[in-house]
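Per our numbering: the sequence shown = residues 4 to 483.
Data block below; observations after.
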Amino acid sequence: MARPGLTNDADVRSLASNALLRLFDSLYEGAVVVDRAGRITWINDKYKALIGWNGADPVEGRMVEEVIPNSRLRHVMESGRAELLDVFAIGSRQVVVSRIPLQDESGAVIGGLGVILYDRVQALKPIVSKFQHLQADLASARRELAETRQAKYRFSQMVGLSARLREVKEQARRAAERDATVLLLGETGTGKELMAHAIHGASRRADKPLVGLNAAAIPETLLESELFGVEPGAYTGAGAKPRPGKFQLADGGTLFLDEVGDMPLMLQAKLLRVLQEGEVEPIGSNRLRSIDVRVIAATSRDLKAMVDAGSFRADLYYRLNVLPIRLPPLRERLVDLPVLCEALLEQITEKAGEPVKSVSAAGLARLATYHWPGNVRELGNILQLAAARHDVRVLGPEHFDDLPVTAPVAASAVATNGEVRALRDVVAAAEKAEIVKALAAAHGVKLNAAKLLNISRAQLYEKLATHGLLSETPDRKEAV
Ligand SMILES: Nc1ncnc2c1ncn2[C@@H]1O[C@H](COP(=O)(O)OP(=O)(O)OP(=O)(O)O)[C@@H](O)[C@H]1O
Ligand SMILES: [Mg+2]
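If you want it as structure tokens, here you go:
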């Protein structure tokens, strides 16, 4: 026999659920129930107050996202899985919430329940602040990643006025307009990486990733997976998720293959296939993925000699050597010393937060007596050292005392091995060395260089032509 006042099961359920809702109301800082369609069927006053809902407007019947932007209740209903503890932002407040899908007897999801466990996360402060820190870290890591995949340098950062450098920059600009493979050749420190960034940045792929891989910096055993990626379970320890290779990461953009001369022969064959087919096959996969990647390769090695010696595949060499760009060593463009010193010292002092320094004319002439095997990188290091050691605004020759005198022109002017040479050759070498120094000291302004050498401007032009220096010396606006 039914007890008085309780007529049937439906009433019992309704009473029970009302009691539960009252319990939620008192227990939690906020509670909301939505139906299967994501429409709010019930929300308590505390929640309404928290979201600042205007008392007159009914909330019930509205879509949950309209009332609680970014609500994840719909997601919880779709997945059928509860989220028991999460930190959720309501306006500028962080609250701790639970989200539970509501199921009927058959297990079908018929709605969702969201509760705010704490609105003042005082008790959970350590956890919440840890969460916030992690989120901030994640955001900054994502930003960094996005930045590293963008071009860092532009053509304007490639400093130099010499004919050689201007010609190289022009070649690179033309290469940027095309989509063919570029091969950057040049000694260490000549700016190959800088050039690769500038080309990518000026190409139609500029807003797509620029992904770099240095074949000399990665152990041979890892190179293949770095380049082509790995499928899950390809080998013990390969992990459960597929790992994309650099080719895939660069899809749509540019892959910078640095130190390509250091690539092992076995991989050279695979690289060649990818370049020919435009498809990669991740390790452990039997599926080819087509990719759209522009390759810029670089090396400081003599690739042609390596081909002749059999340590670099001829077919890959020809595949890479479509648009070769040769970066001149600094010793062959010493007239760029003044502008380079100016730009490098600006960077160095800015980084150190110090007032900018410069190199005197005599200092520049001294720098022109060295052969710079490490090129612009070495020049930067020498300037940095001198700037750090000497608390002066203007660096002179005395601040570069440790630098040996090794410029080929200067060295050949002084007989090094006691051998006696034709006087004409010695005089010519000495003359050339002095002219190069004078040009450096005069910032490339020929009239001023002629004055330093105490010859006429016409005589200087004549001598520049004799020593094959004319094409090396741009016509700078002559400041008298
Ligand atoms: N023309 C230039 N103007 C200004 N800075 C330059 C120039 N060339 C090179 N640099 C600077 O010199 C340094 C070395 O350049 P980069 O790394 O591009 O050389 P690299 O040819 O790739 O050398 P490596 O073969 O050793 O990798 C960098 O700091 C770069 O910014
Ligand atoms: Mg490099």
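No residue lacks a Cβ here, since even glycine has one placed at the ideal position from N, Cα and C.
Membership of residue 32 in any alpha helix (DSSP H) is not indicated, and neither H nor E is assigned to it by DSSP.
For residue 346, the Cβ falls inside the 7 Å cut-off from some heavy atom of ligand 1.
By the neighbour-count definition (other C-beta atoms within 10 Å, threshold 16), residue 425 is an exposed residue. In terms of side-chain proximity, the C-beta atom of residue 301 is found nearer than 7 Å to a non-hydrogen atom of ligand 2. In this structure, residue 265 has its beta carbon at no less than 7 Å from each heavy atom of ligand 2. Cβ neighbours of residue 212 within its own chain (closer than 6 Å, five residues either side excluded): 152, 253, 256. For residue 462, the number of other beta carbons within 10 angstroms of its own is below 16, and it is reported as exposed. Put simply, of 71, 56, 15 the residue whose alpha carbon is nearest the alpha carbon of residue 42 is 71. Sequence-distant Cβ neighbours of residue 37 in its own chain, meaning closer than 7 Å and more than five residues away, are 43, 44, 67, 76, 114, 115. Proximity of the segment 429-447 to the segment 339-346 meets the contact definition, three or more beta-carbon pairs being nearer than 8 Å. Considered as a whole, the segment 205-262 harbours 213-217, 257-261 as its complete beta strand (DSSP E) runs of no fewer than 3 residues, in chain order.
Ligand 1 never approaches residue 440 closely enough for any of its heavy atoms to be under 7 Å from the residue's Cβ. Here the segment 263-273 makes contact with the segment 299-306; the two share three or more CB pairs at distances below 8 Å. A direct Cα-to-Cα measurement between residue 362 and residue 172 gives close to 26 Å.
One Cα belongs to residue 337, the other to residue 371, and the distance between them is close to 6 Å. Contact annotation: residue 119 and residue 98 have beta-carbon atoms nearer than 8 Å. Residue 346 has its alpha-carbon roughly 56 Å from the corresponding atom of residue 86.
A contact is defined here as three or more CB-CB pairs under 8 Å, and the segment 172-182 fails this definition with respect to the segment 222-229.
Pairing residue 250 with residue 215 gives a Cβ-Cβ distance that is not under 8 Å. Uninterrupted alpha helix (DSSP H) stretches at least 4 residues long and entirely within the segment 353-441 occur at 364-370, 378-392, 411-416, given in chain order. At a threshold of 7 Å, residue 191 counts as near ligand 1, since its beta carbon sits closer than that to one of the ligand's heavy atoms. Contact between the segment 159-172 and the segment 308-326 is not established, with fewer than three Cβ pairs separated by less than 8 Å. With respect to residue 90, residue 39 sits apart: the two C-beta atoms are not nearer than 8 Å.
A distance below 8 Å between beta-carbons, with the five flanking residues on each side excluded, links residue 389 to the following residues of its chain, in chain order: 398, 402, 403. Secondary-structure assignment with DSSP links residue 42 through a beta bridge to 66.
In this structure, residue 186 sits near residue 326, with a CB-CB distance shorter than 8 Å. Within the chosen limit of 7 Å, ligand 2 reaches the beta carbon of residue 261 through at least one heavy atom.
In the structure shown, residue 315 falls within a coil segment according to DSSP collapsed to helix, strand and coil. Taking the Cβ of residue 196 as the reference point, at least one heavy atom of ligand 2 falls within a distance shorter than 7 Å.
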